[in-house]
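Chemist: Starting off with a structure, shown below.
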Amino acid sequence: MQIDELIAAEKYPNVAFLMQKFECSEATVLRAIETLRNDFGAEISYDRNRKGYYYAEPHFRLIASKMRYLVNTKILQV
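Take 1 as the starting number for the sequence shown in the UniProt record's numbering and just add one per residue.
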């Protein structure tokens, strides 16, 4: 299961959980979240009450965004 899937499942994963799940550092988790935000347009927010991340746009899915990214990248290379 990827970070995207955990966030999309609305389970509000936090950095500590993601670090343990993927056996990586805090910096790696934060970089992955920033990549989702910056490169894929994911509107990821942090809920202070639930202490975890969620998609501000509930119907966001990485697959569609990834396809747009690949298409745009290909267009820019032409």
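Glycine is no exception: its CB is placed at the ideal position from the N, C-alpha and C atoms.
Fair warning: this is a prediction, and the values are worked out from it, not measured in the lab.
Looking at ARG37: is its Cβ nearer than 7 Å to the Cβ of ILE44?
Modeler: Result yes, Cβ atoms of ARG37 and ILE44 sit closer than 7 Å.
Chemist: Among the residues of its own chain, which have a CB less than 6 Å from the CB of ALA32, if the five just before and after it don't count?
Modeler: Excluding sequence neighbours, ALA32 sits near ILE3.
Chemist: Classify LEU18: buried if its beta carbon has 16 or more other beta carbons within 10 angstroms, exposed otherwise.
Modeler: Its Cβ being crowded by 16 or more others within 10 Å, LEU18 is buried.
Chemist: Going by alpha carbons, who is nearest to ARG48 out of GLU23, ALA42 and VAL15?
Modeler: Checked all of GLU23, ALA42 and VAL15; the closest Cα to ARG48 is VAL15.
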